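**Student:** Chains as they are written, first to last, in my numbering: chain D, 753 to 1027; chain E, 108 to 475; chain G, 287 to 610; chain V, 1343 to 1766.
Can you keep this structure in mind? I'll have questions shortly.
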Amino acid sequence: MGFGRPLGRGLLIVALALYTAFAASPFVWVFVLSLRTTTEIYADPYGLPLPPHFGKFADAWLGSSYDVYFMNSVAVVFSAVAIVTVVGAMAAHCLARYQFRGNRALYFLIFSTLIFPPQVTIIALFQILIEYQLFDTRIGLILVYVSLQLPITVYILESFFRRVPSDLFDAARIDGYSEVVIFWRISLPVAWPAISTTIIVNTILLWNEFLFAIVLISSDSKRTLPIGILKFMGDQSNDVGMVATGLMIAIVPVVAIYVFFSEKLIQGMTAGAVK
Amino acid sequence: MAVVELIGVTKTYPGGTQPAVQGVDLRIEHGEFMVLLGPSGCGKSTTLRMIAGLESITAGTLCIDDLVINRVPARDRDIAMVFQSYALYPHMSVRDNMAFGLRRRGFSRPDIERRVASVADGLGLGPYLDRRPFALSGGQRQRVALGRAIVREPKVFLFDEPLSNLDAALRTSTRGELARLHQNLGATMIYVTHDQVEAMTLGDRICIMSSGKVVQIGRPMDVYSRPADIFVAGFLGSPPMNLLPATIEVDGGSHAIRLGDQRVPIPATMPASDMRPGPVIFGIRPEDMAVVTADSLEAQVATVAPLGAETILSLALPGVPQEALLRAARDVALRPGDHVRVACDLATASFFDPDTGRALSSRLSVGA
Amino acid sequence: MTGGSVASSPAVATSGVAAGPIGLRAWLRLSDQPFGAILGFLLPALLFYLAFTVYPVLLTIYDSIFRVLPNRPATYVGLANYTAVLTTDPTFWQAVRNTIIWASVGPVTEISIALLLALALYAKIPGMRFFRIAWFTPVLMSYVVVGIIWMWIYNYDWGAANTLLRFLGLGQLVRSWLGDPSTALPSLILVTTWMWTGFNMVVLLAAFHSLPAEVLEAAELDHCGWMGKLWFVMIPMVQPTILNLAILSFVGKMKVFDLVWVTTRGGPLWSTETVSTYVYRRAFDWNTFDLGYPSAIACIWFVIVLAGVLVLSRIFRRHQQLEF
Amino acid sequence: MRLRHVLRTLATVLAVSTYMAIAPAHAATLSLWTFWGDQGAKRDFIEHAVKAFEAAHPGDTVQVSWYDKNSLYAALKTALRAGQGPDVFYAEVDQVEYIDNGLLLDLSNRLNWGDIEPWAKQAWTFGKGTYGLPLEAWTVELYYNTKLLHELGFNPPANHQFDQKTFLALIKAAHAKDITPIALGVGDRPYPGAFLTEEALLKEVGAADYGKLMRGELKWSDPRVVKALTYVKSLIDTGALPKSFSTLKLGESHAYFYSKPGSVMFLMGSFYPSRAFNPPNQGGQPPDFPLGIMQYPALDNAACNECKTMAVGGSYVVNAATKHADLAVAFLNTMATPAMGKLWVETVMGQTGIKTDMAHVSGPHAGYFKELAAVNDDAKYFFGLPSQVMQGKRRDAFTQIINQAFPAGILSVQQVVDRMDAVQ
């Protein structure tokens, strides 16, 4: 390759290192801040966490109903992801497997929702949830989240199901199974790599969701983590150290998912864009 | 126990103008090994899938044992099928692949175990029962697919080009196994292939299809030696039958075949009296021609293709627009450009109507 | 033989395969397909789609010609909301302008930087896996987290941006980045660039790696230099990927809400107001409760986005690509 | 709308199938959503009131949800529209949209008005109804660091009010020493930035004309308005405000004044103690902080240099959709007593709309309150903030222009006049 010359290579590495610092240092900084007290931070915003105050994590968790927000997020996100996975997989299986008039039109319709600006539906969704007495309920937010992630789920799974040879389904039909059992016992297990991808991607996107959460939930006791962080910020904006601790608590689950599933996650998030 | 009968079976795909399968009449007797043979796109797979219940039947009747099953779903037809891609369930072990169909049919657990074990042993799959398909070789996967069908003990076995993904050596040995299997089980089997060697070696009868229609049904040697039309003649055999434009000439009482600039007199011993003069397509298999020393057709060697066991000569006959192929012994000492004399065994020759392509009823074999 | 399912009488056996209304079946060209199964598989998704996407869109359009206030029936106002938005609402146009700037600048900066980085990585720099993970991480964070972090970075007194400038002796450039209307929007665009460049880079890298090696080898035989290979072979070959990324980025910027809401709330002087924040503000943070007017904004915006998408799908068709 | 009905039916099927009705089983739990969770004294006050109420109404409880202000407003705007929301909540008098849309319970015949200051009641009176308990009241004050002021060589006159020339000199002196003259920030509030301008306008044109100006009955191109704006502009251009003014949040601006980096003065509502008197490790001022209070400077030839803004601040209102109206009012009445008013003044260190004997304030910060009273001895009040008087687009423009852009130094006097008159 043409980068064999030592000088060019050195420059390249320096440039990459600079960009990496740019990309990663904000997190490093927040991580450091999360272990320091506000007094220490005001004295020197860029000092090292010596000694580290790990106790701040317990304080942040217990002192600001963070546990409530966190559990709300867990409940809402996991339910929504479970539903959207099943519903999306069923639809994707159907669109990929059966030929019928309107199949492509339907696919394109659902797919095109990906580009809908959310403000087109947010106001009406607010009214609709009120109408169904689902406003300010976790169930309402779950249902909205399901519909929000349905297009991307169908999109990723459809393209995967399409690559599963139809002989497999024919074999199961000849083996005596009905369409529903075939979906359950053949499609879902075979598509597990793609399904796990959508689960991870949907989990991260919904974990971070903000707009619908702030509009559709008003009770403090039902709010999810992104809104909780903001409350933290509003109440204690002076207490930079504590806010940083709160941020780290919000980041940790995502980072954990990332560490465990980084390859799969990258695959999933980049699905469709490569070609 | 299982007779499969197709009466005027037709398949038209939604939105398609031309039927994919048109008016197929076919009766497969109990215990018969029927091969559906034809080039890709001829409708043989569609026919098989209709029998399996994977495609609906647009028109006509499909019976198994005199019961019309057009509308019986695949899962209730008691048929097993081996797919070209094997279609093994990738997320199940070999054992589960084989047991999957049995479970649906309500067999007891020990019964399933017993059946799977016995079939697996018979196919030499015993050591692999707990492996997943991706951990098997191509041949092993093929056996699993076979085993999955066998273990069900169905009325009818369907095979959709099951050997085409195997390498040549494995294909030959598996072919033998299939033949043995058929002998042992004595079940009705319908086998789709585009490989004439498989068709010839396996089939009790062969059904040759072209463009969605049945062209000829018959025992392998019958079909080979008496092709019903130039399609069959050209499809079967490797190299295929020479199909040369010719003219029947009648001179007084004696008949002759004009091939380009030359004439081949038909010996008086042959019953040619019903042959009418006029243009025909003269079909002669390469092995029915021979290089001789005198008194026959003149030809010039165009190419020499030694195949090991034999050598195929390509010959230019004066005045004939296409070259004729001749199957010669492997030690033939000829080079391109050599002039030779060749003889045709007219008793095995076929004559076709140049307009319709159908075989003319006239044959020259003694006693025909 | 196990088949007990087929009776011995010469009867016609029928079951399951072809249930369903004949007319609809025919229209759907369902001759071979199990109607019930298709319906069963699609129905949940369709219900979600109708109830939470189609119905809201239609309701938004319906709302937009009304004045919708709580505790009283909506009053019909015809196109008054639309004329008001289009003719007497400079804030709306400011928001459109900001959003379109964001949606046009964002993709260009993100993708061009990402392209350079991906090429660098393609040259097999050591520590590639580490780089990739470090660059991809920002996109995993919520805009709320990112917004708070960057508010600190842009903090006038102790933020990293000004601290760095002072350290570099560029004290005259120190400013309140998010407080100055002339720098607020670019500062936020930088944040989205920071977030998304790594993502784009990872995708481009995957695209480079999926290029057939023969093509590059062929280029080598044609005595193409490194740069030549780059310009004449690699970039044209990943052009569909670049286009997909551009659309993805474009659409993402058309939706921007969280980041602005957390950092500047649209200020100062509407310089970071986006259509999303303006719709939200008018609907849920305004001193009237009217939902009709913001619905009209949403509808107008929908048309603008739709027009953009149609233009982009034109480009799609030219590239024979129907994926995003 | 046939289609609408079809879709609605479909949606109902889906929604109902997953919806589990959660009936409000608890009959006597009042829900209260309120701001002030991070302001110790006010929080203590509310918790005290809750305890008193629960003691007086055995079996009934009050469930308090503490929000930060912006989250509270966002939550209320959606919840009230939805016909839901808490029984009692925090509101301010600028939120007339609640009243316009019938979302608040009319308290005119329910609340114990005898113990409420008439001007405070007036602030919550709209048409025939009165809607809120005006718990908090505040004035706009100019706090200063006495030590820093001395060091700069200035001393406030006996009437606590500099003249405009001296004040400008003070700003210049501080700026020359690289000390921020006045801490102020508008990062999360729509009003503090406007203090600088509105106090000058009020003094210059007097209370009556000031009201007209706010209501759009007086042009911003009026020469007196321009004169006041020009003086304020001279302060701004001198560098009176922090560089980080636009993004500095309310809480941060407090710390900016008394801890880091420190400023000479701090222009803030008299609710200053609710943050500053928190313990230092929760963002309060250092224990030995040399706090002083002075008046906004007197303008030359101004109509009313004793005029200053007094506003009703945090108040409590009752949701019109409440199922426990009587109980909710009873809770408000628990707070509307002179004893509670005294508790408020003593603990919160700020004014209240409840009638209270201010002369007998005691406690650790009594000195502060005495100084506040002394400074405001002969003050004439204009009741209401501009943002409470204005509505709709004019309010949005005022917030963006007078609260943000003008003090940030982005706009000239002429631009301010043009833009403000454009929305009149």
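All residues carry an ideal CB built from backbone N, CA and C; glycine is no exception.
Note that the structure is predicted; figures quoted are calculated from it, not measured.
(1) I want to verify the contact list: residues of chain G whose CB lies under 8 Å from the CB of V/K1419, in sequence order.
(2) Does the Cβ-Cβ distance between V/I1696 and V/D1457 come in under 7 Å?
(3) Does the separation of the CB atoms of E/M141 and E/I297 fall below 7 Å?
(4) Kindly list the residues whose CB is nearer than 8 Å to the CB of E/S200, restricted to its own chain and excluding five residues on each side of it in sequence; keep chain order.
(5) Taking the straight line between their C-alpha atoms, what separation do you get for D/V898 and G/F334?
(6) Please tell me whether G/M540 has its Cβ less than 7 Å away from any Cβ of chain D.
(7) Considering only the alpha carbon of each residue, which of V/L1484, V/E1688, V/L1544 lies closest to V/A1644?
(8) Any C-beta of chain V sitting closer than 7 Å to the C-beta of D/V933?
(9) Does G/R415 pass the burial test, meaning 16 or more other C-beta atoms within 10 Å, or should it be called exposed?
(10) Does the region 1431-1445 of chain V come close enough to the region 569-583 of chain G to have 3 or more Cβ pairs within less than 8 Å?
(11) Report all residues from its chain with a CB closer than 6 Å to the CB of G/T422; omit the five preceding and five following residues, and keep chain order.
(12) Assuming the contact rule is C-beta atoms closer than 8 Å, D/L768 and G/A406 should be a hit. Round their C-beta distance to whole Å, please.
(13) Taking 7 Å as the limit between beta carbons, can you name the residues of its chain near E/T153, skipping five residues before and five after?
(14) Give the residues of chain E in contact with D/S930, contact being defined as C-beta atoms less than 8 Å apart.
(15) For the alpha helix (DSSP H) holding E/T400, just list the boundary residues, first then last.
(16) When the cut-off is 7 Å and only beta carbons count, does D/R888 lie next to chain E?
(17) When Cβ atoms are compared, which residues of the region 522-539 of chain G fall closer than 8 Å to chain V?
(18) Starting from the beta carbon of D/V942, find every residue of chain E whose beta carbon is closer than 7 Å, and list them in chain order.
(19) Quick one: does V/K1519 have its CB under 7 Å from some CB of chain D?
(20) Work out the CA separation of D/I874 and E/I219 for me, nearest whole Å.
(21) Curious, which full-length alpha helix (DSSP H) runs of at least 4 residues does the region 882-934 of chain D contain?
(22) V/Y1526 and V/I1635: beta carbons closer than 7 Å?
(23) Measure the CB-CB distance between V/G1425 and V/A1663 and report whether it falls below 7 Å.
(24) Give the list of continuous alpha helix (DSSP H) stretches no shorter than 4 residues that lie fully inside the region 1668-1692 of chain V.
(25) What is the DSSP secondary structure of E/T300, reduced to helix, strand or coil?
(26) Distance cutoff 7 Å, beta carbons only. Does V/G1626 sit that close to anything in chain G?
(27) With V/E1478 as the anchor, note down where its beta strand (DSSP E) starts and where it stops.
(28) Name the chain G residues that come within less than 9 Å of D/F962, Cβ to Cβ?
(29) Hey, could you find the ends of the beta strand (DSSP E) E/D358 is sitting in?
(30) Give me the Cα-Cα distance between E/A224 and E/M316, rounded to the nearest whole angstrom.
(31) Can you tell which of V/P1400, V/K1602, V/F1377, V/G1382 has its C-alpha closest to the C-alpha of V/L1669?
(32) Tell me whether E/M328 is buried or exposed, calling it buried when 16 or more other Cβ atoms sit within 10 Å of its Cβ.
(33) I need the DSSP call for V/C1646, collapsed to helix, strand or coil.
(34) Would you kindly report the start and end of the unbroken beta strand (DSSP E) that includes E/P386?
(35) Provide the residue(s) that pair with E/M141 in DSSP beta bridges, ordered along the chain.
(36) Using the Cα positions of V/H1368 and V/T1403, report the straight-line distance between them to the nearest angstrom.
**Tutor:** Taking the geometry as given:
(1) F570, D571, F575
(2) yes
(3) yes
(4) L236, D237, R238, R239
(5) 8 Å
(6) yes
(7) V/L1544
(8) no
(9) exposed
(10) yes
(11) The sequence shown places Phe at residue 422 of chain G, not Thr. G484, V488.
(12) 6 Å
(13) K118, A127, V128, E162
(14) R182
(15) Unbroken run through E/T400: none, as it is neither H nor E.
(16) Before going on, a small fix: residue 888 of chain D reads as Asp here, not Arg. So, not an interface residue.
(17) none
(18) P197, H198
(19) no
(20) 56 Å
(21) 890-915, 918-926, 931-934
(22) A quick correction: the sequence has Leu, not Tyr, at residue 1526 of chain V. Not a contact, by the Cβ cut-off of 7 Å.
(23) yes
(24) 1680-1690
(25) strand
(26) no
(27) 1478-1487
(28) S428, Y429, V430, F543, D544, W547, V548
(29) 349-358
(30) 39 Å
(31) V/P1400
(32) exposed
(33) coil
(34) 385-391
(35) E/I297, E/R312
(36) Only weak support is given to the placement of V/H1368: the predicted model assigns it a pLDDT of 45, under 50, and the question is left unresolved by the model.
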